[in-house]
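Report on one structure; see the data block that follows.
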Amino acid sequence: MNSSELTWRAGVAYFRSGSRLQKTLFVSGTVLFLSMIFHLVVLAASGGPLSGPVSFRKPATFSETGWLLCWSVGWLLPLLNFRAWERVVVATGALVFGLGESIVAVIQAWRGVPFHYNTTSAFNTGTFALSGLEALVFFVSLVVLLFASLRPQRLAPSLLLSIRTGAVIVIFGTLAGWLMIFNWSGVWQGSLGMLEPGFDTDAANYSVGVTGGNLVVLHALGVHGLSLVPLAAWLLTFSALSERARTRLTAGVAESLFALLFLLAVQALRARPLFALDVPTAVLLGASALALVVFYSRVGRAALRGPSPNAAPYTR
Numbered sequence: 002m003n004s005s006e007l008t009w010r011a012g013v014a015y016f017r018s019g020s021r022l023q024k025t026l027f028v029s030g031t032v033l034f035l036s037m038i039f040h041l042v043v044l045a046a047s048g049g050p051l052s053g054p055v056s057f058r059k060p061a062t063f064s065e066t067g068w069l070l071c072w073s074v075g076w077l078l079p080l081l082n083f084r085a086w087e088r089v090v091v092a093t094g095a096l097v098f099g100l101g102e103s104i105v106a107v108i109q110a111w112r113g114v115p116f117h118y119n120t121t122s123a124f125n126t127g128t129f130a131l132s133g134l135e136a137l138v139f140f141v142s143l144v145v146l147l148f149a150s151l152r153p154q155r156l157a158p159s160l161l162l163s164i165r166t167g168a169v170i171v172i173f174g175t176l177a178g179w180l181m182i183f184n185w186s187g188v189w190q191g192s193l194g195m196l197e198p199g200f201d202t203d204a205a206n207y208s209v210g211v212t213g214g215n216l217v218v219l220h221a222l223g224v225h226g227l228s229l230v231p232l233a234a235w236l237l238t239f240s241a242l243s244e245r246a247r248t249r250l251t252a253g254v255a256e257s258l259f260a261l262l263f264l265l266a267v268q269a270l271r272a273r274p275l276f277a278l279d280v281p282t283a284v285l286l287g288a289s290a291l292a293l294v295v296f297y298s299r300v301g302r303a304a305l306r307g308p309s310p311n312a313a314p315y316t317r
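With positions in the sequence shown counted from 1, the corresponding number in the working numbering is that position plus 1.
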């Protein structure tokens, strides 16, 4: 039996041994992965735009975020010592956000109308309001996850650190998304758009040539926190490194992401576009991105070298 067959059998066995909530998350994530692939094919075949208020990129990117989130939460669900209601809340939040946001993005893309900031009809207003409600449910589930992870846990420190920091990063990304909603735009120009005199909900996000701080990149990077940091910690469970070394590398990934988010937030809240970086910010952003690449390369190299025969990666 070759390694691919062994990996497949191990994956099937892992899936079958999971709880109903875990299986629901993994199946939902797989459906969203297929949705991402399908809409990328449609986007390429149709020659549609990559940007703008109406694009098949949106259902593809929302599906990408959703499948990674559902799989990540499905993976961590049995690792933490949750109370029964906490487990349900955390899983429900991931499903509501991952599936719900993607479904709305798919519906609006195929209708050929904008998804975000669209109040041109009762249906469009309802779908956008629904996406805001889904984000609220997700935010509550993240807070529950974070507080549950802060209790004493029988989990390897590197994995526990990845879940805690990943949750904080996603909370940050979700708050950036809420700021976009209240700003009624992914472009920050120094004050909340909804409070501006003469605010027009139909045109606020689509003005040609509008420049300012980029909240979209900040939000997009943030909501991947539960995938980016735990992925590094999970890969390190296949390495021969000591738990102390694993924890250091996991912390390096998390710190690099925190630095990137902080610098992107500073640039955005100063209402400056990403293409108008000053020299100190550009240097610091470049250094943070390079640090993230270096830490991930070290993680990948350690994982490829193989595990220690005495490793017990998921427990203290």
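Note that the Cβ used here is the ideal one computed from N, Cα and C, for glycine as well.
When rounded, the separation of the alpha-carbon atoms in His40 and Ala106 is 11 Å. Note that the C-beta distance between Phe57 and Val43 is below 7 Å. Your pair Ser228 and Leu69 checks out as a contact, with CB atoms roughly 4 Å apart and the cut at 8 Å. By the CB criterion at 7 Å, Ser142 and Val90 fall inside the cutoff. Between Leu275 and Asn215 the beta-carbon gap is near 5 Å, inside 8 Å, which marks them as a contact.
The beta carbon of Ser159 lies closer than 7 Å to those of Ala234, Leu237, Glu244, Arg247, Thr248, Thr251 in the same chain, with the five residues before and after it left out.
Partner residues in the beta bridge of Val188, as assigned by DSSP, are Asn215.
Within its own chain, the residues whose Cβ lies closer than 7 Å to the Cβ of Ser103, once the five positions on either side in sequence are excluded, are Leu33, Ser36, Pro60, Phe63, Ser64, Gly67, listed in chain order. Taking the Cα positions, Ala136 is about 22 Å away from Trp111. If you draw a straight line from the Cα of Leu180 to the Cα of Gly30, it is about 27 Å long. When the beta-carbon positions are compared, Leu22 and Ala85 stay at least 7 Å from each other. Gly75 places its beta carbon less than 7 Å from that of Phe27. Counting C-beta pairs closer than 8 Å gives three or more between the segment 284-293 and the segment 258-276, which meets the contact rule.
With contacts defined as CB atoms closer than 7 Å, Val230 and Phe296 fail to qualify as a contacting pair.
Ranked by how close their Cα comes to the Cα of Phe148, the residues Phe83, Ala123, Ala221 have Phe83 in first place. Contact between Cys71 and Ala95 holds: CB atoms are separated by about 6 Å, below the 8 Å threshold.
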